[in-house]
Amino acid sequence: MKWILIFSLISASMSLQGQQSIAGRVVDAASGEGLMGAHIYYPEDWQNGVIAGLDGAFSIKLPNRASEVIVTHVGYKEYLGPVPKKGIIKLEPVVIKTNEVIVTAAPLVAEEFQYDKIGKIEVYTNPAAKADPILAVNSLPSSTTTDESANISLRGSSAIETGTFLNNVPIYDAVRYSQLNGIGTFSIFNTSIIRDVTVFPGNPPLEFGSATSGVISLRTDENQLEGSANSAILSLANVGFSREQRINDTQSLKVFSNWQPSAAMKLVNNESLEDIANFESGDLGIYWYGATGRISWKVLNYSLLEGYQFKFRHPSFTGIFDQQKARTFLISSLDFKLKRGTLSLNKGVSGSNGSYSYSNVAFETKSRDLFLGLNYLLLSPKWSIKGGLSLDRRKNSTEGNFHSVGYALAPFHPTVDFTASDQIMPIEAFAYGKYFLTEEITVGTGLRKNVPHGDQKSYLSRQLNVSYRKDRLKLIAGLGKYYKLGFLENSDNSFFAQSRQASIDVMYDWKKSEVSVSYFTKNATLDELNYQVQGLELFGKKQFGKKISASASVTMIDAESDSEENYLYNINYFLRASAAYRTRDFWTVELLSTNRQGILSDIVTRASFDEDLAVYQPTEFLTTRLPNYFDVGVSVSKMFFLEKERTLLVFASCNNLLDHRNVRSYNYSDDYSFRTEQLFSQRTGYLGFVINF
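When we follow this note's numbering, the leftmost residue of the sequence shown carries the number -16, and every step to the right adds one.
Here you go:
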């Protein structure tokens, strides 16, 4: 009842603010994407203009005599004219030249073969994303993530096989509040600096390394503001501020910081968060970007401190698991425009220190990563070629004590001291090219070869892609073999993965509808784990009038493993559905539903007493399927346009609205004679506001 009351109070307070106005949207003329931040004003009264909000939406009160508006946005031609009957104002992009050299960031050479691109506005308005650019990927049919986390699984493969890149630099340990297995609630990426997210769910482009099952490529903003912009957020679990300042005609700087305490969130959601004792984090980011002459650059420095305490439950011990972590990233990208192409230098330096303790165990993990990439892109009207070298040195270490026996975790049980470290350093060269056979058909192919050293294996990745686009039809087919050398999350254990796969994706859109069909198959090995996957994805989206849109998808997977009977991604179906209601006065209501088959899990059926350790030992197991997972979430938001170009976004959301008991695993009594359900997120409410000024 309290959440119904909260929603009612928010709705009532917002409805009192309505006013007569002219409403519409500002969009990119080519892509149709809404342009948040566009400035709309009456020519004779420019001081009382408004700023376009989410999805480029705006509402402005004009004098009766006014017939025209002026619309401006950085990087676009100015619009002067009446608001069209349909309310859509299209802006044409401007090409900016400096010393007669066009300065742009080097594009992805394999972009024709992407499955989907998620813009910043979609991240903010997607209830599944929770304003997180990585969580937004979980709403795609290709996502097979089973744990409500930001560790993205694509098309039935382990999340550690997915490559995540920011400005072409691989990002590891990119999850906030991550547990020892790497599972965490949110990613570390701040949406305010993200331009878009490009997703390749299968056949990862060979211009990227470190991926055998899809790539998520994030790119940061590069369009400068005319002056400065500030943003502040206050919500149940976040207090944040950001400021972006244009330094001069060639460069801009953005600083952002957030503090995430748990007190208010736990107070409102006491029952659903009873197993979380406390969480808190603080971060600081500085983003510097610009372009001059033949050079453009992007530099991001980000640091994060976080703590997380939760109730750890085991038949031999129940108590608090305490984890603390500190991380820092420095990512830079330089693009040099040459006569016949673009030379790019990408660098990433990152490190993390984590400490973990429970019962009589305490240990620390450390990671140090260095990435260097040098690429050259050559473009022509008929073909494009990209080649380069990369070095990815990673060093992980673990030190502390661990329990000697996995079923004996009480403070009086024996432990063993442990110190270990490992280092991997894949050095790889790649070449990838695409050729435009016709206006409709593009063919791409490439190779990626490591330079073996020490005891490293020799491997050669290769792929072939074909794209067909005509009118509203898009078809992408690809096949290849891929390799990856990496670390398991939060450990010094390295792994080697390889995958053979093929896929075909067909997409068609007309009027206000979209449909897509995808088929994929893969045969892969992850160290000693061999698995095979084939699947089918169906997706449909429809716009009903001007206010209502809906979408639905079903993903059917046939997965099995030669090495593991209860393979995690042996799930026959994922069902997703969403509906959105948007009004011209900037109310937005969205519903999202997810339904999937439960995963396979081993349950304990018998245990015997270990007299030496004075604890029960599980001796027999039965593989069974957990109950089906079902979740419905709702979000409500309202945009207000205040004086002096200020906007206020008020939002509220509720996850697992029906409070369905989604079983994650089971907890057992000390003798394993009975078990209780360990659940995924229960009904959880969230609310707050964002002000831009």
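Ideal Cβ placement from N, Cα and C applies to all residues, glycine included.
Does the beta-carbon distance from Tyr270 to Thr203 come in below 9 Å?
Looking up residue 270 in the sequence shown gives position 287. Looking up residue 203 in the sequence shown gives position 220. Yes, they are a contact pair.
Can you determine whether any heavy atom of the ligand FMN sits closer than 8 Å to the C-beta of Asn284, and answer yes or no?
With respect to the ligand FMN, the structure offers nothing, as it holds no ligand at all.
Provide the residue(s) that pair with Phe470 in DSSP beta bridges, ordered along the chain.
Translated into positions along the sequence shown, residue 470 becomes position 487. Per the DSSP secondary-structure output, Phe470 pairs in a beta bridge with Ser477.
Using three-state DSSP, classify Ser196 as helix, strand or coil.
Residue 196 sits at position 213 when you count from the first residue of the sequence shown. If DSSP states are grouped into helix, strand and coil, Ser196 belongs with coil.
Between the segment 177 to 195 and the segment 89 to 108, do at least 3 Cβ pairs fall closer than 8 Å?
The segment 177 to 195 vs the segment 89 to 108: in contact.
Is Phe262 buried or exposed, if buried means 16 or more other CB atoms sit within 10 Å of its CB?
Counted from its first residue, the sequence shown places residue 262 at position 279. Buried, since its Cβ has 16 or more Cβ neighbours within 10 Å.
Taking only three categories from DSSP, how would you classify Tyr669?
Here residue 669 refers to the residue found at position 686 when the sequence shown is read from its first residue. Looking at Tyr669 - three-state DSSP - the assignment turns out to be strand.
Based on DSSP bridge pairs, tell me the residues matched to Ser240.
For the purposes of this step, residue 240 is identified with residue 257 of the sequence shown, where counting begins at 1. DSSP links Ser240 through a beta bridge to Phe224 and Leu267.
Leaving out the 5 sequence neighbours to the left and right, which residues in its chain are closer than 8 Å to Arg334 when beta-carbon positions are compared?
Taking the sequence shown and counting its residues from 1, one reaches residue 334 at position 351. Note on residue identity: the sequence assigns Gly, not Arg, to residue 334. The beta carbon of Gly334 is closer than 8 Å to those of Arg310, Thr311, Lys349, Ser350, Arg351 and Asp352 in its chain, skipping five residues each way along the sequence.
Below 8 Å, how does it come out for the segment 379 to 394 and the segment 195 to 211: are there three or more Cβ pairs, yes or no?
The segment 379 to 394 vs the segment 195 to 211: no contact.
Near Leu326, what residues of its chain come up, given a Cβ to Cβ distance below 6 Å and the 5 sequence neighbours on each side ignored?
The residue labelled residue 326 in the question sits at position 343 within the sequence shown. Closer than 6 Å at the Cβ level, and outside the excluded window around Leu326, lie Phe319 and Tyr359.
Just the Cα atoms here: how many angstroms apart are Glu289 and Glu347?
Position 306 of the sequence shown, counting from 1, holds the residue named residue 289. Position 364 of the sequence shown, counting from 1, holds the residue named residue 347. So the two alpha carbons sit approximately 15 Å from each other.
Which residues mark the beginning and the end of the beta strand (DSSP E) in which Met622 is found?
Along the sequence shown, one-based indexing puts residue 622 at 639. Annotation: the continuous beta strand (DSSP E) that includes Met622 extends over Tyr612 to Phe624.
Straight-line Cα distance separating Ala533 from Asp510
Counted from its first residue, the sequence shown places residue 510 at position 527. Counted from its first residue, the sequence shown places residue 533 at position 550. The alpha-carbon atoms of Asp510 and Ala533 are separated by roughly 42 Å.
Three-state secondary structure (DSSP) of Lys73
Here the question's residue 73 lines up with position 90 in the sequence shown. Assigned with DSSP and collapsed to three states, Lys73 falls in strand.
The segment 656 to 674 / the segment 240 to 257 touching (three or more Cβ pairs under 8 Å):
The segment 656 to 674, when compared against the segment 240 to 257, does touch it at the 8 Å Cβ threshold.
Taking the alpha carbon of Ser122 as the reference point, which residue from Asn675, Ser618 and Leu575 has its own alpha carbon closest?
As a working mapping, residue 122 is identified with position 139 in the sequence shown. Checking every option, the nearest Cα to that of Ser122 belongs to Leu575.
Out of Thr508, Gly39, Leu605 and Glu51, point me to the one whose CA is closest to Tyr24's CA.
Within the sequence shown, the letter at position 41 stands for residue 24. Out of Thr508, Gly39, Leu605 and Glu51, Glu51 has the C-alpha closest to the C-alpha of Tyr24.
Looking only at its chain, what residues have a beta carbon closer than 8 Å to the beta carbon of Ala114, apart from the 5 residues adjacent to it on each side?
If you number the sequence shown from 1, residue 114 lands on position 131. Cβ neighbours of Ala114 beyond the five flanking positions: Val106, Tyr107 and Thr174.
Helix, strand or coil, according to DSSP, for Leu575 in the structure here?
Counting from 1 along the sequence shown, the entry for residue 575 is found at position 592. In the structure shown, the three-state DSSP call for Leu575 is strand.
Could you tell me whether the segment 535 to 548 touches the segment 510 to 523, using the rule of 3 or more Cβ pairs below 8 Å?
At 8 Å Cβ cutoff, the stretches touch.
Assign Val54 to one of two classes, buried (16 or more other C-beta atoms within 10 Å of its C-beta) or exposed (fewer than that).
Your numbering for residue 54 matches position 71 in the sequence shown. It counts as buried.
Are the segment 236 to 255 and the segment 263 to 282 touching by the rule of at least three beta carbon pairs closer than 8 Å?
The way I'd put it, the segment 236 to 255 does touch the segment 263 to 282; three or more beta-carbon pairs between them come closer than 8 Å.
Would you kindly report the start and end of the unbroken beta strand (DSSP E) that includes Met408?
Sequence index remark: in the sequence shown, residue 408 carries index 425 (1-based). Neither: Met408 is in no beta strand (DSSP E) and is coded neither H nor E.
Under 9 Å between the Cβ atoms of Thr145 and Ala194?
Along the sequence shown, one-based indexing puts residue 145 at 162. Along the sequence shown, one-based indexing puts residue 194 at 211. Result yes, Cβ atoms of Thr145 and Ala194 sit closer than 9 Å.
Contact under 9 Å by Cβ, Tyr339 with Asp375
As a first step, residue 339 is located in the sequence shown; it is residue number 356 there, counting from the start. As a first step, residue 375 is located in the sequence shown; it is residue number 392 there, counting from the start. The criterion of a C-beta distance shorter than 9 Å is not satisfied by Tyr339 and Asp375.
Inspect the beta-carbon positions of Thr129 and Tyr451 and report whether they are closer than 9 Å.
Within the sequence shown, numbered from 1, the residue matching residue 129 stands at position 146. Within the sequence shown, numbered from 1, the residue matching residue 451 stands at position 468. In this structure, Tyr451 does not lie closer than 9 Å to Thr129 by Cβ.
How big is the Cα-Cα spacing for Tyr62 and Asn206?
In the sequence shown, the residue the question calls residue 62 occupies position 79. In the sequence shown, the residue the question calls residue 206 occupies position 223. Between the alpha carbons of Tyr62 and Asn206 lies a distance of about 18 Å.
Using 8 Å for Cβ pairs, my map puts Ile72 next to Val9. What's the rounded Cβ distance?
On the sequence shown, residue 72 is found 89 positions in, with the first residue counted as 1. On the sequence shown, residue 9 is found 26 positions in, with the first residue counted as 1. Your pair Ile72 and Val9 checks out as a contact, with CB atoms roughly 5 Å apart and the cut at 8 Å.
Cβ pair Asn336, Lys308 closer than 9 Å
Looking up residue 336 in the sequence shown gives position 353. Looking up residue 308 in the sequence shown gives position 325. Judged by their CB atoms, Asn336 and Lys308 are nearer to each other than the 9 Å cut-off.
Does DSSP put Ile85 in a helix, in a strand, or in coil?
In the sequence shown, counting from the first residue as 1, residue 85 sits at position 102. Because Ile85 sits at a pLDDT of 38, beneath the cut-off of 50, its placement in the model cannot be relied upon, and the point is left open.
Report the option in Asn611, Leu372 and Gly302 whose CA atom is closest to the CA atom of Tyr704.
Because residue 704 is not part of the residues shown, which for the chain are -16 to 676, the question remains open.
Give the straight-line distance between the Cα atoms of Ile216 and Val222, rounded to the nearest whole angstrom.
Locating residue 216 in the sequence shown gives position 233, counting from the first residue. Locating residue 222 in the sequence shown gives position 239, counting from the first residue. Roughly 6 Å between the two C-alpha positions.
Within this structure, are the beta carbons of Ile143 and Glu594 separated by less than 9 Å?
As a first step, residue 143 is located in the sequence shown; it is residue number 160 there, counting from the start. As a first step, residue 594 is located in the sequence shown; it is residue number 611 there, counting from the start. Taking a C-beta distance under 9 Å as the contact criterion, Ile143 and Glu594 do not qualify as a contact pair.
Where are the alpha helix (DSSP H) runs, 4 residues long or more, that stay fully inside the segment 415 to 464, in chain order?
Fully enclosed alpha helix (DSSP H) runs of 4 or longer: not present.
If the criterion is Cβ atoms closer than 9 Å, does the pair Tyr655 and Pro601 meet it?
The sequence position of residue 655 within the sequence shown is 672, counting from 1. The sequence position of residue 601 within the sequence shown is 618, counting from 1. Going by C-beta atoms, Tyr655 is nearer than 9 Å to Pro601.
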